[in-house]
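> Sharing a structure below in structure tokens format, with a few things to ask.
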Amino acid sequence: MVFQGSSAAISHTGKVRSNNQDSGYAGSNLFVVADGMGGHAGGDVASALVIHRLEHLDDDPFDSPTVAERALRDAIADSATELIDTVGRRPELAGMGTTVSALVMVDDLAVIAHIGDSRIYLYRDGSLTQITTDHTFVQRLVDSGRITPEEARYHPRRSVLMRVLGDMDPDPEIDTFIMPTKPGDRWLLCSDGLSGVVDDAHTQKALAAGNAPGRTADTLLKQALDGGAPDNVTIVLVDVGGAHPVFTGTATVVGSASNPEGVEVPAARPGRSSWLHPNRQAANEPTHFEPDADFLEELIEEDKRRARRRRVGWIVGLVLVIGMLATAGFLAYEWTQTRYFIGADEDTVVIYRGIQQDIGPISLSTPYQDTGIALEDLPSFTRSTVERTISATSLDAAEVIVDRLRDTAEAYG
């Protein structure tokens with residue numbers, strides 16, 4: 011069903027940046043904001059590529075929200091693969107990446123996908139709620155109770171991303187979920203150029219004014235510009251129903267995606283299949299009977315014997331479980347030693363054997379090889395990616411990543 015409502019999209023370079031690396035899309039059913047990063051050209055290409063990879067979803071009549079959710083997740087994952095392929099063809103773009111916050115309307119449900127620190131808000135019945143969770147270092151500090159949300163707004167590492175769609179990870183971790191929506195809802199998708207400057211109270215006031223989406227987006231952009239706009243600002247506003255619903259219309263593309271500068275985006279890949287999980291059928295309840303009085307004492311004695319057998323069974327079972335857990339722990343540890351990841355020591359890139367977790371004092375990883383690639387020879391975004399670690403399924407895969415990093419270091423140097 012075609013979404014019935016109205017929308018607007020706007021993007022601005024801001025007052026500090028020399029170019030716009032953001033992209034935005036507002037269509038019939040699909041709405042996206044992507045905040046690119048990775049240098050003067052890389053961020054432009056990354057955000058534009060994602061928008062053009064996703065825009066075909068606007069034409070798909072999804073049978074259900076779960077189908078739309080899977081299609082949205084797969085399209086974003088395919089974008090990651092395309093970013094990697096693009097860097098292979100154009101090594102000067104190494105280190106590029108982008109956030110993605112996307113919304114697909116399916117009947118009266120909103121299908122959401124998110125990675126990075128662009129945000130999706132819902133304004134409903136006079137209240138503004140942040141729907142997505144930032145994948146940032148400071149958000150982890152907030153979640154752990156170390157700092158308050160207000161302190162996070164001014165933290166010096168507030169821009170450090172823990173998850174992003176980039177050219178190093180072909181299998182990104184994407185948040186997806188489905189929410190009900192209703193007439194009167196206002197959905198706001200924005201880059202951190204807005205949310206990092208305009209606080210929630212002022213955003214809520216602008217949305218509460220009830221102006222048309224285009225005028226509301228202009229109001230929010232003006233507030234960001236008045237606040238200094240140190241970053242690109244991209245806003246996509248979606249009204250469900252509203253005073254002036256638009257049933258059909260031409261999609262609005264803003265930011266770098268409106269002028270991709272020759273980026274070639276191949277046709278979308280076919281949808282991915284997934285395993286089906288059959289439902290388990292509950293077992294029948296045991297039968298019940300009430301004994302005659304003549305058998306009462308015998309049944310009491312039998313119950314005592316069963317209790318003793320149960321105690322013995324519990325003890326034997328506990329020993330078996332402990333043995334199985336110990337065996338599973340040993341096998342799990344052995345498995346971790348077949349994995350590799352790329353990380354950093356004090357000043358160089360290192361291949362580690364194991365996984366990036368510790369169990370108490372037990373480390374599940376050890377340095378395997380110092381590659382000799384100096385961190386200072388890498389672009390800042392790539393260096394940050396290495397410091398957050400890059401997973402590899404095998405030693406060969408790790409060495410491929412190292413070769414790519416070495417090429418990046420040589421090109422950057």
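All residue numbers for the sequence shown refer to the working numbering, where the first residue is 11 and numbers rise by one.
Note that the Cβ used here is the ideal one computed from N, Cα and C, for glycine as well.
(1) Based on the DSSP output, what are the partners of V264 in its beta bridges?
(2) Have a look at T376, G327 and D355 and flag the residue whose alpha-carbon is nearest the alpha-carbon of Q347.
(3) Looking at F41: is its Cβ nearer than 9 angstroms to the Cβ of V250?
(4) Can you name, in chain order, every residue of its own chain whose Cβ lies under 7 angstroms from the Cβ of Q366, other than the five neighbours on each side?
(5) Between the region 142-154 and the region 170-181, can you find at least three pairs of beta-carbon atoms closer than 8 angstroms?
(6) Give me the Cα-Cα distance between I369 and T158, rounded to the nearest whole angstrom.
(7) Going by CA-CA distance only, name the one from D153, E183 and G98 that's closest to A87.
(8) Just verifying my parser: in three-state terms, what is the DSSP assignment at G203?
(9) Short check: CB of M189 to CB of A120, under 9 angstroms?
(10) In angstroms, rounded to a whole number, what distance separates the CA positions of A234 and D32?
(11) DSSP state of I383, grouped into three classes?
(12) Which of the three DSSP states, helix, strand or coil, is assigned to P193?
(13) The beta strand (DSSP E) spanning F147 covers which residue range?
(14) Confirm the yes/no value for this check: CB of T392, any heavy atom of the ligand MG, distance under 8 angstroms.
(15) Are the CB atoms of F391 and G194 within a distance shorter than 9 angstroms?
(16) With a threshold of 16 other CB atoms inside 10 Å of the CB of W197, please say whether the residue is buried or exposed.
(17) Should Y164 be labelled buried (16 or more other beta-carbon atoms within 10 Å of its own) or exposed?
(18) Would you say M47 and T108 are within 9 angstroms of each other, going by their C-beta atoms?
(19) DSSP three-state call for P377: helix, strand or coil?
(20) Whose C-alpha, out of V55, K232 and S16, is nearest the C-alpha of T96?
(21) Should S373 and G382 be called a contact, given that it needs their Cβ atoms to be closer than 9 angstroms?
(22) Run through DSSP, which three-state label would Y164 get?
(23) Give me the Cα-Cα distance between L247 and S128, rounded to the nearest whole angstrom.
(24) Are T191 and D118 close, meaning C-beta to C-beta below 9 angstroms?
(25) How many Å lie between R27 and I332 at the Cα?
(26) Which residues does DSSP pair with Y131 in a beta bridge?
(27) With the cut-off set at 9 angstroms, would you say I94 and G224 are in Cβ contact?
(28) Where does S404 sit, in a helix, a strand or coil, going by DSSP?
(29) For M106, count neighbouring Cβ atoms within 10 angstroms of its own Cβ and tell me buried if that reaches 16, exposed if not.
(30) Tell me, please, which residues DSSP counts as bridged to I245.
(31) Drop a sphere of 10 angstroms on the beta-carbon of A227, count the other beta-carbons inside from all chains shown, and report buried for 16 or more, exposed for fewer.
(32) Please report the residue range of the alpha helix (DSSP H) in which H212 lies.
(33) Please report the straight-line C-alpha distance between V110 and T213, rounded to a whole angstrom.
Reading it off the structure:
(1) DSSP lists G34 as partners of V264.
(2) Residue T376 is the option with its Cα nearest to Q347.
(3) No, the pair does not count as a contact, with Cβ atoms beyond the cut-off.
(4) For Q366, same chain residues with a beta-carbon under 7 angstroms away, outside a window of 5 residues either side, are F351, S375 and T399 in chain order.
(5) A contact exists between the region 170-181 and the region 142-154.
(6) Between the C-alpha atoms of I369 and T158 there is a straight-line separation of about 28 angstroms.
(7) Per the Cα distances, E183.
(8) In this structure, G203 counts as helix in the three-state DSSP scheme.
(9) For M189 and A120, yes; Cβs fall inside 9 angstroms.
(10) A234 and D32: Cα-Cα distance of roughly 15 angstroms.
(11) If DSSP states are grouped into helix, strand and coil, I383 belongs with the strands.
(12) Of the three classes helix, strand and coil, the one that applies to P193 here is coil, per DSSP.
(13) That residue, F147, is in no beta strand (DSSP E); its alpha helix (DSSP H) goes F147 to D153.
(14) Although the ligand MG was asked about, the structure shown includes no ligands whatsoever.
(15) No, the Cβ-Cβ distance between G194 and F391 is not below 9 angstroms.
(16) Buried.
(17) Exposed: under 16 other Cβ atoms inside 10 Å.
(18) Yes. Within cutoff.
(19) Strand, per DSSP.
(20) It is V55.
(21) No.
(22) Y164: coil per DSSP, three-state reduction.
(23) Cα-Cα distance, rounded: 14 angstroms.
(24) In this structure, T191 places its C-beta atom within 9 angstroms of the C-beta atom of D118.
(25) R27 and I332 have their C-alpha atoms some 59 angstroms from each other.
(26) According to DSSP, Y131 bridges with Q140 and L198.
(27) Contact flag unset, no.
(28) Looking at S404 - three-state DSSP - the assignment turns out to be coil, as it is neither helix nor strand.
(29) Buried.
(30) DSSP, once it has assigned bridges, lists I20 and C200 as partnering I245.
(31) Here A227 is buried. Its C-beta has 16 or more other C-beta atoms within 10 Å.
(32) That run of the alpha helix (DSSP H) goes D210 to A218.
(33) Using only the alpha carbons, I get a separation of about 21 angstroms.
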